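Colleague:
There are 2 protein chains.
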Amino acid sequence: MKPFSMLLSVAAVLATPAAAKPAGDTEATMRALYGSRAFNVARQSLAADYDRIVSEITTLTEIPASPFKEAKRAAAYLEMLRAAGLTDVEADEEGNVMGLRKGTGGGPLLVVAAHLDTVFPEGTDTKVRREGNYLNAPGVGDDTSSLPVLLAFIRALDKAGIRTRSDILFMGDVGEEGPGDLRGMRHLFNKGKYKGRIAQFISVEPGRDRVTNGGVGSKRYKITFKGPGGHSFGAFGLVNPAYAMADAMVEFGKMKVPANPKTTYNVGVVEGGTSVNSIPFETAMTVDMRSVDAGELAKEDAYLKSILDPAVARENAARSTAKGKIEYKLELIGDRPVGHTAPDVALVKIAMAAIAIGGGKPELESSSTDSNLPMSLGIPAVTIGSGFHTERSHAPDERLLLDRDETVRYMTMSLATVIGAAGIAK
Amino acid sequence: MKPFSMLLSVAAVLATPAAAKPAGDTEATMRALYGSRAFNVARQSLAADYDRIVSEITTLTEIPASPFKEAKRAAAYLEMLRAAGLTDVEADEEGNVMGLRKGTGGGPLLVVAAHLDTVFPEGTDTKVRREGNYLNAPGVGDDTSSLPVLLAFIRALDKAGIRTRSDILFMGDVGEEGPGDLRGMRHLFNKGKYKGRIAQFISVEPGRDRVTNGGVGSKRYKITFKGPGGHSFGAFGLVNPAYAMADAMVEFGKMKVPANPKTTYNVGVVEGGTSVNSIPFETAMTVDMRSVDAGELAKEDAYLKSILDPAVARENAARSTAKGKIEYKLELIGDRPVGHTAPDVALVKIAMAAIAIGGGKPELESSSTDSNLPMSLGIPAVTIGSGFHTERSHAPDERLLLDRDETVRYMTMSLATVIGAAGIAK
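Sequence lines, in order, name chains A and B. Position in the first sequence (first residue = 1) + 318 = this note's numbering. Position in the second sequence (first residue = 1) + 318 = this note's numbering.
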């Protein structure tokens with residue numbers, strides 16, 4: 319965890335997103351890369367691969383990968399990594415799949431990852447529909463679309479004969495979305511065979527100009543309200559946990575949070591009750607609170623905790639507790655550290671330069687991604703765009719724009735970041 | 319449907335539950351039945367069958383029968399009806415199972431039914447556990463415990479050689495609980511092969527002294543709240559249907575209803591959302607409103623409808639509607655008629671006399687049972703107790719008391735009602 323003073327500096331950076339000019343060596347190195355013949359071959363490879371990438375996005379989207387249910391998609395992606403010619407292709411115990419592209423040995427290990435999981439629950443129809451210039455399907459963008467881009471990176475590097483100093487571990491990881499709570503990353507950095515050897519981390523997500531160097535912290539809870547339950551007519555008048563939950567939800571929805579440092583909250587899932595004519599014996603909701611500032615996140619946490627007792631007390635006062643009172647259980651289901659990779663760290667400078675030189679408008683931002691975990695460990699990490707523009711992420715009408723030229727242009731910038739981070743062998 | 323003046327008289331009866339003295343002919347007939355040698359044999363048959371009944375309750379409880387999923391239990395019960403020696407044993411198109419015990423032809427058709435379905439959703443563990451003098455399991459009482467009692471009635475009638483004037487159709491029916499909305503009864507009375515031929519109807523439910531001659535009316539709705547959804551962090555600030563639903567739920571919970579005529583309401587099931595870090599695009603709740611008085615039920619209905627627009631408007635005002643507003647859909651999922659069988663109708667008098675002469679304390683009451691449907695058609699109907707005492711109906715800790723003597727005593731009274739209603743052949 320970063321000290322508090324550093325967290326404040328994250329907020330300061332976010333307050334004025336820098337269209338940072340790459341400085342000195344980094345800029346020169348990246349300009350040289352862009353000007354090289356090899357990089358031009360790599361760019362052409364990406365362009366030639368576009369249709370294949372889109373086809374692979376469809377294939378992978380249609381293999382559902384709900385949180386904790388990524389295994390089938392992981393198995394398919396593992397075979398794709400193998401087919402791309404990596405070595406040491408394997409799945410780890412947590413369910414991440416990965417393979418190495420060996421470098422010349424002059425640099426430390428770089429991980430380039432996209433996450434396998436989507437937010438959508440089991441049973442969601444993920445059939446991809448083409449409508450105009452869009453592919454439509456739950457999860458088609460976040461983060462399924464990035465998985466084939468990693469494969470295209472590998473093919474482009476090979477076609478261009480680019481040798482990097484660092485080994486690059488390409489990975490499809492599990493548990494990035496809500497309930498997964500970064501379990502893929504926790505395993506990779508704290509337990510897996512590459513533990514202690516990873517010097518830099520790049521997460522690829524849909525997007526273009528934004529370089530995520532701030533990790534938004536989050537606290538997530540499942541709050542369960544329990545009561546005696548009973549027959550809706552015969553036991554009418556007994557306390558009902560649904561009313562206590564509703565009361566808490568209304569109060570939660572009144573929370574005031576600052577726009578800057580960005581701080582948010584959400585009721586995500588509500589559930590409970592057995593039938594229309596039974597007083598529920600249990601209802602539950604999950605809530606998500608986030609901030610780029612640890613202090614604001616702590617305030618949200620305190621606010622949530624302050625509203626639960628009164629909400630439950632009001633229900634216990636409003637109806638009969640003769641058969642039992644309403645009680646609640648607060649269960650922490652997600653706890654992502656606030657993290658930061660400073661703007662002057664080489665990895666951030668490389669990513670910013672790659673976009674600026676490629677013709678984009680780089681912006682630093684904060685988000686909650688796989689990079690939070692390495693950031694919290696002090697390991698340089700950024701989340702960069704795959705080149706694809708997507709819309710309505712996490713909504714059932716999620717969609718991915720098919721604008722070949724712009725996508726390839728930005729995809730090329732991200733490949734430049736990967737190469738820059740891994741270093742070109744002389 | 320009964321005229322409104324009659325509904326008021328139901329309320330009047332309910333206001334002063336009558337420990338009615340059976341009058342004249344009915345009392346004499348029932349006393350003669352109780353004094354007969356044949357009835358004594360029938361009583362001994364019920365007593366001898368007690369352990370078998372308890373064993374069959376366990377067997378049937380452990381075959382789950384969620385609403386619309388009664389088929390497996392129905393098939394098992396059909397075989398039990400067949401084994402009990404009935405004729406014309408069959409399942410109808412709706413899923414009810416039934417068989418005839420032929421009478422001598424002097425009386426009109428009597429139906430004696432217990433319902434197959436429970437309130438518990440698929441996947442509920444219905445393994446029966448014995449604890450002290452109780453059998454514990456979801457659904458063990460309501461109404462599973464009545465199904466074997468009907469079988470014991472048939473065996474007792476046969477053993478005693480009792481011949482009735484009316485044919486008796488014994489039935490395990492579907493769709494009594496909430497979502498079923500009396501579909502079994504609707505089919506039986508409006509479509510099935512016995513349509514137009516049923517003169518009297520007896521529903522058997524757990525219980526002892528109470529004779530249900532008033533059908534509590536109900537209105538049930540599923541209310542779905544929809545919004546644009548989105549990423550909890552990226553799209554923070556958009557309207558969230560969970561808050562609109564919570565607002566409506568809090569207002570619903572403030573509804574004032576009279577204790578007399580008895581009027582109730584309930585939020586039964588809440589659901590919605592896809593993940594903790596997504597703004598839900600849809601949440602829903604089911605509500606149940608009941609009254610023995612049609613006017614009070616209409617007031618509840620109007621109250622519910624009055625709170626939805628303001629709740630949705632408050633959410634649309636509280637957060638951004640830039641990506642879409644919250645809207646709601648109100649869907650009627652249950653509509654049970656208020657019904658009544660007058661206290662001076664022979665069937666009611668027989669049931670009251672059977673309990674009084676048997677040593678119980680008969681009370682008239684209103685409830686929402688299969689009898690609502692025939693009552694609403696003007697067909698004499700009552701719901702009587704099986705003799706079993708159960709507790710915590712519709713709750714996961716539902717249980718059934720094993721007090722052999724009292725159970726058999728009351729079971730015998732209910733058999734007397736069945737015989738009295740069908741009439742003993744001379």
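Every residue gets a Cβ at the ideal spot worked out from N, C-alpha and C, and that includes glycine. Remember, it's a predicted structure, so these values are computed and weren't measured experimentally.
Between the region 423-435 of chain B and the region 477-485 of chain B, do at least 3 Cβ pairs fall closer than 8 Å?
Modeller: Because the criterion of three Cβ pairs below 8 Å is met, the region 423-435 of chain B and the region 477-485 of chain B touch.
Colleague: Can you list the residues of chain B that V588 (chain A) reaches, using a CB-CB cut of under 7 Å?
Modeller: A560, V588, E589, G590, G591 and T601, listed in chain order.
Colleague: Excluding the five sequence neighbours on either side, which residues of its own chain have a C-beta within less than 8 Å of the C-beta of V666 (chain A), listed in chain order?
Modeller: Hits under 8 Å: V529, N531, T659, A660, L682, P698 and V700.
Colleague: Could you give the first and the last residue of the continuous alpha helix (DSSP H) run that contains G417 (chain A)?
Modeller: Where G417 (chain A) is concerned, there is no enclosing alpha helix (DSSP H), although the beta strand (DSSP E) it sits in stretches over V415 to R419.
Colleague: Bridge partners of Q518 (chain A), per DSSP?
Modeller: Answer is A:L428, bridged to Q518 (chain A).
Colleague: What's the call for A734 (chain B), buried or exposed, on a 16-neighbour Cβ count within 10 Å?
Modeller: Burial call: buried.
Colleague: Could you check the C-alpha separation between G676 (chain B) and G535 (chain B) for me, to the nearest Å?
Modeller: When rounded, the distance between both Cα atoms is 31 Å.
Colleague: Could you tell me which residues DSSP puts in a beta bridge with D491 (chain B)?
Modeller: Answer by DSSP bridge pairing, in chain order: B:H433.
Colleague: Name, please, each residue of chain A whose Cβ falls closer than 7 Å to the Cβ of M567 (chain B).
Modeller: Those are A560, Y561 and A564, listed as they occur along chain A.
Colleague: Check this for me: beta carbons of R538 (chain B) and V594 (chain A), under 7 Å apart or not?
Modeller: Their beta carbons are under 7 Å apart, which means R538 (chain B) touches V594 (chain A) by this criterion.
Colleague: Which residue from A:P466, A:G457 and A:T442 puts its Cα closest to that of D435 (chain A)?
Modeller: The candidate whose alpha carbon is nearest that of D435 (chain A) is A:G457.
Colleague: Exposed or buried, K679 (chain B), counting other C-beta atoms within 10 Å across all chains shown (16 or more means buried)?
Modeller: Exposed.
Colleague: If the cut is a Cβ gap below 9 Å, which residues of chain B does F386 (chain A) touch?
Modeller: Near F386 (chain A) there are no residues of chain B at all, since even the closest Cβ is about 12 Å away, more than 9 Å.
Colleague: If the cut-off is 7 Å on Cβ atoms, which residues from the region 493-516 of chain B count as contacting chain A, listed in chain order?
Modeller: Those residues of the region 493-516 of chain B that come within reach of chain A (Cβ to Cβ, closer than 7 Å) are E495, G496 and P497.
Colleague: For the putative contact between G610 (chain B) and V656 (chain B), defined by C-beta atoms under 8 Å, what is the C-beta separation to the nearest angstrom?
Modeller: Here residue 610 (chain B) is Val; the residue named in the question, Gly, does not match the sequence. V610 (chain B) to V656 (chain B), Cβ: 7 Å. Contact.
Colleague: Taking the alpha helix (DSSP H) that E645 (chain B) belongs to, which residues open and close that run?
Modeller: Note, E645 (chain B): premise wrong, no alpha helix (DSSP H); beta strand (DSSP E) at E645 to R654.
Colleague: Is the Cβ of H549 (chain B) closer than 7 Å to any Cβ of chain A?
Modeller: So yes, H549 (chain B) belongs to the interface.
Colleague: Can you list the residues of chain B that A636 (chain A) reaches, using a CB-CB cut of under 9 Å?
Modeller: Under the 9 Å cutoff, chain B gives G571 and K572.
Colleague: Would you give the residue range spanned by the beta strand (DSSP E) that R608 (chain B) belongs to?
Modeller: Unbroken beta strand (DSSP E) run through R608 (chain B): E600 to S609.
Colleague: What are the residues of the region 704-730 of chain B that lie near chain A, defined by any Cβ-Cβ distance shorter than 9 Å?
Modeller: Answer set for the region 704-730 of chain B: R710, S711, H712, A713, P714 and D715.
Colleague: Counting along the chain, where does the alpha helix (DSSP H) carrying R710 (chain B) start and finish?
Modeller: Where R710 (chain B) is concerned, there is no enclosing alpha helix (DSSP H), given that its DSSP letter is neither H nor E.
Colleague: Is D343 (chain B) close to chain A, meaning its C-beta is less than 7 Å from at least one C-beta of that chain?
Modeller: Chain A, which has no Cβ nearer than 7 Å to the Cβ of D343 (chain B), makes this no.
Colleague: CB-CB under 8 Å to A392 (chain A), same chain, minus the five flanking residues each way: which ones, in chain order?
Modeller: Once the five neighbours on either side are set aside, the close Cβ partners of A392 (chain A) are A383, A409, G413, N414, V415, L434, G490 and V492.
Colleague: Determine, using beta carbons only, whether P576 (chain A) comes closer than 7 Å to chain B.
Modeller: Cβ-Cβ to chain B under 7 Å: no for P576 (chain A).
Colleague: Taking 7 Å as the CB-CB cut-off, is D435 (chain A) touching chain B?
Modeller: No, D435 (chain A) lies away from the interface with chain B (no Cβ there is under 7 Å from its Cβ).
Colleague: In chain order, which beta strand (DSSP E) runs of at least 3 residues are fully inside the region 563-593 of chain A?
Modeller: Taking only runs of at least 3 residues, the beta strand (DSSP E) segments lying wholly in the region 563-593 of chain A are 581-590.
Colleague: Cutting at 6 Å between CB atoms, please list the residues of its own chain near P714 (chain B), excluding the five before and the five after it.
Modeller: The answer, listed in chain order, is P456.
Colleague: Excluding the five sequence neighbours on either side, which residues of its own chain have a C-beta within less than 8 Å of the C-beta of P598 (chain A), listed in chain order?
Modeller: Correct list, in chain order: G545, G547, N558, P559, A560, G590, G591 and T592.
Colleague: Using only the alpha-carbon positions, how far apart do I737 (chain B) and S694 (chain B) sit?
Modeller: For I737 (chain B) and S694 (chain B), the distance between alpha carbons rounds to 24 Å.
Colleague: Beta carbon of T347 (chain B), beta carbon of V446 (chain B): below 7 Å?
Modeller: Going by C-beta atoms, T347 (chain B) is not nearer than 7 Å to V446 (chain B).
Colleague: Could you pull out every residue in the same chain whose Cβ sits closer than 7 Å to the Cβ of M567 (chain B), ignoring the five residues on either side in sequence?
Modeller: Closer than 7 Å at Cβ, skipping near neighbours: V585 and M603.
Colleague: Give the residues of chain A in contact with P655 (chain B), contact being defined as C-beta atoms less than 9 Å apart.
Modeller: The premise fails here: P655 (chain B) is roughly 15 Å from chain A at the closest Cβ pair, so nothing lies under 9 Å.
Colleague: With a cut-off of 8 Å, do at least 3 Cβ pairs link the region 633-643 of chain A to the region 509-517 of chain A?
Modeller: Contact fails: fewer than three Cβ-Cβ distances are below 8 Å.
Colleague: Going along the chain, which residues of the region 679-705 of chain B sit with their C-beta nearer than 8 Å to a C-beta in chain A?
Modeller: Answer set for the region 679-705 of chain B: S685 and S686.
Colleague: Note the first and the last residue of the continuous beta strand (DSSP E) segment covering E412 (chain A).
Modeller: Segment: none, E412 (chain A) is in no beta strand (DSSP E) and carries neither H nor E.
Colleague: Residues of chain A with CB under 8 Å from G413 (chain B), in chain order?
Modeller: Correct list: empty, because the minimum Cβ distance to chain A is about 18 Å.
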